[in-house]
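K.L.:
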Amino acid sequence: MLETDAGSRRHLLLIVGFLLCLFGGFALWGTVERTFTRDAFGGVGIGDPAPVEPDRAAFLAERRKWFQARKQMAAHGKAGAWQKAVRVADTYLARKDDTIIGLLRAEALLRLSDPQGSTAMAKLLRDDDGAHNAEADLLRGDKRAFEREAERALKSTDPVKSSPLNANNTAWLAAFTPTISDPASLAKAVALSEKAVRAARLEEAPEEIAGSLATYTNTLGGLHYRSGRDAEAIETLLESERLRTEPFNAAFLTLAYDRTGDKKAAQAWRNRLQKYLADTYATRDGQLYRHQLLLLWREIENETQE
C-alpha cells in the first residue's frame, strides 16, 4: 500500500492543529456571544442569549441534516442495507448537492453491484481531485490510461537511486490492480518492493521498523500474488498482518487463498474485509485510499465465489 513520509505527516498535523484552534476560537466566541448581551449603551451584561444571525442559523441547521444523513447511512452500511443507504442519500441530494454524500451513495451502489456506482464515484473523485484521473478511469473499467501511467512510472524509476518510500509507492501501482500484465514490468515492481522491504528491516527504531515494514510487506505480498507466487504472497501478507492489521492484507489474502483452493481461509479473510468496509462506511475512519480498496473488493467479487 502507499505510504506518506514523516515530513508530510508533520505538515498535516500542523494544519489540523491550526484548524482545530481556529474552530475552537469560533466555538468559544459563539458561547460568549450567547451568554452576554449588549445593553442600549453598548455595555455587556448577562441576559437572554443573543439571537443567531439568519445565515449562520441556516448553516448550522444544514450541517445537522448533513451529519444526520451520514449517521443514518453509516447505520445502514453496517447492517448491509445498501439500498436504504442509497435512499437516504437521494433524499439529501434532492435538496442540496454534496460531494461526500454523493461518494457515499456511489459506494452503496457499488456494493450493490450497480455499475452506476463506479461511474458516479469516478466522476466525483475526478472533479474533486480525490484520485488520480487514471485511477478514476479504473473505476469505470478503463484500464488503458492507468496502464500507461504505471508503465511510465516503473520505467522512469531507478531501483538503485530510488528511496525506499518512492520504490514502494511506485511498486504499489502494479500491486493494487491487475492492470499490469507485462512480466518485465512486474519483475521491476517486485525488485523495487524488495528494496523497500530490505531498507525497512534495517531501520534503527523498532516502531519505525514495524510501521514501514507493515506497509512495504503489504505491497510485496500483493506483487507476489500478481506474479502468481501465491505461497510467497500468503507468507508475506501474514507477516504484514502480524505487524499491523490492514484491510489491504485481507483483500490480497482473500485472492491468494482462493487461487490456492483454500476456500475456507479465503472466505474468512473475505468476511474480515466485508466487515471492515461496512463498519467504516460513512465514518471518519478507513477513508484513506478507500477507492483503491473498493477496486480490490470489486476484483474479489468478480474473481471469487462465496
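Counting in the working numbering, the sequence shown runs without a single skipped number right up to 729 at its last residue. Virtual Cβ for every residue (Gly too), placed ideally from N, Cα, C. Quick caveat: nothing in here was measured; it's all calculated off a predicted structure.
1. For a minimum of 3 consecutive residues, which ranges assigned as the beta strand (DSSP E) are wholly contained in the segment 512–555?
2. Count the other C-beta atoms from every protein chain shown that fall within 10 angstroms of the C-beta of ASP462, then say buried if there are 16 or more, exposed otherwise.
3. What distance in whole Å lies between the Cβ atoms of GLY525 and LEU533, which are believed to be in contact at a cut-off of 8 Å?
4. For LYS494, count neighbouring Cβ atoms within 10 angstroms of its own Cβ and tell me buried if that reaches 16, exposed if not.
5. By the three-class DSSP mapping on this structure, what secondary structure does GLY448 have?
6. For ASP681, does the count of other Cβ atoms within 10 angstroms reach 16, so buried, or fall short, so exposed?
7. Where HIS714 and ALA674 are concerned, what is the direct C-alpha to C-alpha distance, given to the nearest angstrom?
8. So, using beta-carbon positions, are LEU676 and ALA689 closer together than 9 Å?
9. Go ahead and label GLY448 buried or exposed: buried means 16 or more other beta carbons lie within 10 angstroms of its beta carbon, across all protein chains shown.
10. Quick one: complete alpha helix (DSSP H) runs, 4+ long, within the segment 652–676?
11. Using only the alpha-carbon positions, how far apart do PHE490 and GLU572 sit?
12. Of all the options ARG510, ALA637, ALA654 and ALA594, which has the alpha carbon lying nearest to the alpha carbon of ALA607?
13. How about the segment 586–606 and the segment 638–646: do they share at least three Cβ pairs that are nearer than 8 Å?
14. Applying the 10 Å Cβ sphere with the 16-neighbour rule, what's the burial state of ALA612?
15. If we count the other Cβ atoms within 10 Å of its Cβ and call it buried at 16 or more, is GLU530 buried or exposed?
16. Rounded to the nearest angstrom, what separates THR727 and ARG721 at their Cα positions?
17. Buried or exposed, going by whether 16 or more other CB atoms sit within 10 Å of the CB of ASN672?
18. Hey, how far is the Cα of GLY709 from the Cα of ARG667?
19. How many angstroms separate the CA atom of ARG693 from the CA atom of ASP478?
20. For GLY644 versus GLU655, is the C-beta spacing smaller than 9 Å?
21. Going along the chain, which unbroken runs of the alpha helix (DSSP H) with 4 or more residues stay wholly within the segment 574–639?
22. Given this structure, state the Cα-to-Cα distance separating GLY634 from ASP560, to the nearest angstrom.
23. Helix, strand or coil for THR683? Go by DSSP, reduced to three states.
24. Which residue marks the beginning of the alpha helix (DSSP H) containing ASP478, and which one marks its end?
25. Quick one: grab the DSSP three-state call for GLY709.
26. Do you know how far the Cα of PRO629 is from the Cα of GLU574?
27. Give me, in chain order, the residues of the same chain whose beta-carbon lies closer than 8 Å to that of ALA492; leave out the 5 immediate sequence neighbours on both sides.
P.N.:
So, from the data block:
1. Fully enclosed beta strand (DSSP E) runs of 3 or longer: not present.
2. Annotation note: pLDDT 38 at ASP462 (below 50); position unreliable, coordinate value reported separately. Result: exposed.
3. Cβ atoms of LEU533 and GLY525 stay farther apart than 8 Å, at about 13 Å.
4. Taking every protein chain shown into account, the CB of LYS494 has fewer than 16 other CB atoms within 10 angstroms, so this residue is exposed.
5. At GLY448 the pLDDT is 48, less than 50, meaning the model places this residue with poor confidence; the figure from the coordinates comes in the next sentence. Looking at GLY448 - three-state DSSP - the assignment turns out to be helix.
6. With 16 or more other Cβ atoms within 10 Å, it is buried.
7. Roughly 13 Å separates the two Cα atoms.
8. Yes; because the gap between Cβ atoms is below 9 Å, this pair is in contact.
9. Caution applies to GLY448, whose pLDDT of 48 falls short of 50 and renders its modelled position unreliable; the value that the coordinates give is listed next. For GLY448, the number of other beta carbons within 10 angstroms of its own is below 16, and it is reported as exposed.
10. Segments of the alpha helix (DSSP H) lying fully in the segment 652–676: 653–666.
11. Using only the alpha carbons, I get a separation of about 38 Å.
12. Checked all of ARG510, ALA637, ALA654 and ALA594; the closest Cα to ALA607 is ALA594.
13. Between the segment 586–606 and the segment 638–646 there are three or more C-beta pairs closer than 8 Å, enough to call the two in contact.
14. Looking at its Cβ environment, which holds 16 or more other Cβ atoms inside 10 Å, ALA612 is buried.
15. Around the C-beta of GLU530, 16 or more other C-beta atoms lie within 10 Å, and the residue is accordingly described as buried.
16. Spanning the two alpha carbons is a distance of roughly 10 Å.
17. The residue is buried, with at least 16 neighbouring Cβ atoms inside 10 Å.
18. The straight-line gap separating the alpha-carbon atoms of GLY709 and ARG667 is approximately 14 Å.
19. Approximately 47 Å, taken between the alpha carbons.
20. Their beta carbons are under 9 Å apart, which means GLY644 touches GLU655 by this criterion.
21. Complete alpha helix (DSSP H) runs here, min 4: 587–598 and 606–624.
22. The alpha-carbon atoms of GLY634 and ASP560 are separated by roughly 31 Å.
23. Secondary structure of THR683 (DSSP, three-state): helix.
24. Here the alpha helix (DSSP H) through ASP478 covers 477–501.
25. Taken through DSSP and simplified to helix, strand or coil, GLY709 comes out as coil.
26. Cα to Cα, GLU574 sits roughly 34 Å from PRO629.
27. For ALA492, where only same-chain residues beyond five positions count, the Cβ hits under 8 Å are VAL511, ALA512, THR514, TYR515 and ILE524.
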